[in-house]
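Numbers in the numbering used here are just positions in the sequence shown, counted from 1, shifted up by 3.
Heads up, the beta-carbon is just placed ideally off N, CA and C, and yes, glycines get one too.
One structure below.
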Amino acid sequence: MRINVLQHTPDEGPGMIADWATRHGHALYIYHPYQFGQLPTAAQTDLLVILGGPMSPNDDLPWIRQERDLIKALMATDTPIFGACFGAQQITKTLGYPITKAPAKEVGWAPVYRQATVIPDLPATLNVLHWHEEMFTIPAAATLLFSSEAVCNQGFVLGHRIVGLQFHLEPQVTNVREMVVNDHAYIAGSVLGQTAADILAAPIPEATQTTLFKILDYLTN
């Protein structure tokens, strides 16, 4: 399987998604459209992963619109798509739903709560990394998958081939460090009230990898 990853900033890479790909013997190709303007074709894609980034789907940039063209083409062929943060927002924007300011800016570690059991064996509560102040609207045909105390729309599943999460399951310890040291100014104003040191000191729960792998297995089985 060829997994095409769309990365949108140097400090938010595929993390544990790469571990899942290696475990299953899949080929991982990482694109940086914000820098190089390159995107894969739909024909080259067996699984599309759309990562986070500091931009908004509401920004009027050619590569952002081109990403949505790719998403639309993959939806037409029932190709699996996984989106994290900006990536999840891009999916719902492609479907015609608005991206808006969230009720609260969330940056740091906080729990999300499972809202549906359509993907088997996901934990009822999961402590995850948040790094956002915008949110997606849940598509009418989708199922709400996770919510947090501050933001209801934290995850959705659409059919058996699309999952979008507002939060991050993919970062490993070094990825979290990379996000914090490069983007620590963004922490200010978060409702979670955590400092850069607080975020760095928090251990990554084992359940984040387990949950991520179950979601990717669900999309590709």
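Whole-angstrom distance between asparagine 61 and isoleucine 92, CA atom to CA atom: In the sequence shown, residue 92 corresponds to position 89, counting from 1. In the sequence shown, residue 61 corresponds to position 58, counting from 1. The residue you asked about is not isoleucine; residue 92 is glutamine in the sequence shown. C-alpha separation (whole angstroms): 10 Å.
With 16 other Cβ atoms within 10 Å as the buried cut-off, status of asparagine 185: As a first step, residue 185 must be located in the sequence shown, where it is residue number 182. Its Cβ having fewer than 16 others within 10 Å, asparagine 185 is exposed.
Beta carbon of valine 194 nearer than 8 Å to that of lysine 104: Position 191 of the sequence shown, counted from the start, is the residue given in the question as residue 194. Position 101 of the sequence shown, counted from the start, is the residue given in the question as residue 104. Not in contact: valine 194 and lysine 104 (Cβ atoms no closer than 8 Å).
Which of helix, strand or coil DSSP assigns to isoleucine 190: Here residue 190 corresponds to residue number 187 of the sequence shown, with the count starting at 1. The three-state secondary structure of isoleucine 190, taken from DSSP, is helix.
Proximity below 8 Å, CB of threonine 95 to CB of phenylalanine 139: The sequence position of residue 95 within the sequence shown is 92, counting from 1. The sequence position of residue 139 within the sequence shown is 136, counting from 1. Yes.
Residue closest to valine 166, alpha-carbon to alpha-carbon, out of Gly158, Leu172, Glu173: To locate residue 166, count along the sequence shown from 1; it is residue 163. That would be Gly158, whose Cα lies nearest to the Cα of valine 166.
Test item: CB-CB of proline 36 and glutamate 15 under 8 Å: Looking up residue 36 in the sequence shown gives position 33. Looking up residue 15 in the sequence shown gives position 12. Contact check for proline 36 against glutamate 15 fails: the beta carbons are separated by 8 Å or more.
Continuous alpha helix (DSSP H) assignments of at least 4 residues falling wholly in the segment 44-99: The qualifying runs are 65-79, 89-97.
Stretch-stretch touch, CB-based, cutoff 8 Å, three pairs: the segment 73-92 with the segment 108-123: A contact between stretches requires three or more CB pairs, one per stretch, nearer than 8 Å, and the segment 73-92 fails this requirement with the segment 108-123.
Check whether glycine 18 and glutamine 197 have beta carbons under 8 Å apart: Translated into positions along the sequence shown, residue 18 becomes position 15. Translated into positions along the sequence shown, residue 197 becomes position 194. Cβ distance not < 8 Å, so glycine 18 and glutamine 197 don't count as in contact.
CA-to-CA distance, tryptophan 66 to leucine 54, given in whole angstroms: Along the sequence shown, read from residue 1 onward, the residue named residue 54 stands at position 51. Along the sequence shown, read from residue 1 onward, the residue named residue 66 stands at position 63. Whole-angstrom Cα-Cα distance: 14 Å.
Proximity below 8 Å, CB of threonine 12 to CB of proline 57: By one-based count along the sequence shown, residue 12 stands at place 9. By one-based count along the sequence shown, residue 57 stands at place 54. Against a cut-off of 8 Å, the Cβ pair of proline 57 and threonine 12 comes out as a contact.
Aspartate 72 beta carbon less than 8 Å from that of lysine 217: The sequence position of residue 217 within the sequence shown is 214, counting from 1. The sequence position of residue 72 within the sequence shown is 69, counting from 1. Taking 8 Å as the Cβ cut-off, lysine 217 and aspartate 72 do not qualify as a contacting pair.
Continuous alpha helix (DSSP H) stretch holding isoleucine 202: start and end: As a first step, residue 202 must be located in the sequence shown, where it is residue number 199. 199-204 is the extent of the alpha helix (DSSP H) around isoleucine 202.
Nearest residue (CA-CA) to alanine 188, options Thr177, Tyr34, Asn224, Trp134: On the sequence shown, residue 188 is found 185 positions in, with the first residue counted as 1. In terms of Cα proximity to alanine 188, the closest of Thr177, Tyr34, Asn224, Trp134 is Trp134.
Status (buried if at least 16 other CB within 10 Å, exposed otherwise) for methionine 4: Here residue 4 refers to the residue found at position 1 of the sequence shown. It counts as exposed.
For threonine 128, the first and last residue of its enclosing beta strand (DSSP E): Taking the first residue of the sequence shown as position 1, residue 128 is located at position 125. Threonine 128 -> beta strand (DSSP E) spans 128-139.
Of the residues His171, Ile202, Gly86, Ile102, the one placed nearest threonine 211, counting alpha carbons only: By 1-based counting over the sequence shown, the position of residue 211 is 208. Measuring from the Cα of threonine 211, the nearest candidate turns out to be His171.
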